[in-house]
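Worksheet for the structure shown next.
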Ligand code: XIL
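Numbering (mature numbering (1 follows the signal peptide of the UniProt record, and there is no 0)), first residue to last: 20 to 339.
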């Protein structure tokens, strides 16, 4: 009942000459994506700084290639993302736009990007990471909320729904596996949005886990309470990082714990009726954002760099 997805590597702050675009040029990578997964999420290629690099220029090349690839391989696509505080182009973040102009910019972006892929995207991560860990709206770092006020959240859902009535529209965040302050903030927001008739359809748990932090065993219960509100749920960006040795690997003991966490996350999703989408944030560690973002950590994904299956891969397979 559940789509198993991967992020499609490409772009990212860590892209260098040593890190060639693996998509669409690497045939082995493409074959593994096609064979092993039934859902794809562009890791970076639909983010503002990629798809809308200048005020009057959109660049759809990578996103088009991913959507076409998914269709060729009978895969669904999760669009990611429309409304975020990160990976926005300089012209937007440093521009001198009035609130009216910003509103028009956001609406035009949604109409253009969502409209282009209308009918071809199963789920959109409309709003990404709009709360901080304390459960407060990001009124300072999210340009839209800062300049336009919290009501813009409802508007971006309405505009997205108008541009693609078939897509299921998600709120998405990290550190919301268990029912903590941030997850509670989403739970309250969803109730408000639904009461106002706003088209919000899903709650996505990114699940960027760290072995040093623990994994909240209440994940299924947390997903379930959103399900009880009538929302779909999804695990959208799962990876499990930890401290690596000089070889870039976790100890065998940590790899085993990692495998347990992968399968626990999948079990939590499988235990909830409306959790039909389960995505790991990449395939190979050589493409993963983890080593570049969290120094000293890595080995977070499910295959070795030669596509050998790690314990985490096998744990997922056994849990399915
Ligand atoms: C990450 C990508 O994996 C990196 O390539 C990029 O440099 C930064 O963003 N939450 C999200 C994702 O919603 O979009 C982020 O992806 C990881 C955290």
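From the three backbone atoms N, C-alpha and C, an ideal C-beta is built for every residue, glycine too.
query, result
"Please classify residue 127: does DSSP put it in a helix, a strand, or coil?", "helix"
"Candidates 116, 154, 203 and 190: which alpha carbon is nearest residue 101's?", "190"
"Is residue 112 near the ligand XIL, with its Cβ less than 6 Å from a heavy atom?", "no"
"Measuring only the C-alpha atoms, how far is residue 142 from residue 131?", "17 Å"
"How far does the beta strand (DSSP E) with residue 51 in it reach, from first residue to last?", "Residue 51 -> not in any beta strand (DSSP E); alpha helix (DSSP H) instead, spanning 46-55."
"Can you give the Cα-Cα distance for residue 295 and residue 29, rounded to whole angstroms?", "25 Å"
"Residue 173 and residue 212 look like a contact to me (Cβ under 8 Å); what is the Cβ gap, rounded to whole Å?", "6 Å"
"Can you give me the C-alpha to C-alpha distance between residue 27 and residue 167, rounded to a whole angstrom?", "32 Å"
"Going by the beta-carbon positions, is the gap between residue 300 and residue 256 smaller than 7 Å?", "yes"
"Per DSSP, what are the beta-bridge partners of residue 252 in this structure?", "222 and 294"
"Between 332, 125, 275 and 79, which lies nearest to residue 303 when the distance is taken from Cα to Cα?", "332"
"Would you say the beta carbon of residue 143 comes nearer than 6 Å to a heavy atom of the ligand XIL?", "no"
"Taking 7 Å as the CB-CB limit, is residue 222 close to chain B?", "Although the question refers to chain B, the structure presented lacks it and comprises just one protein chain."
"When DSSP labels each residue in this structure, what does residue 35 get in the three-state scheme?", "Its pLDDT being 40, under 50, residue 35 is placed unreliably by the model, and nothing is read from it."
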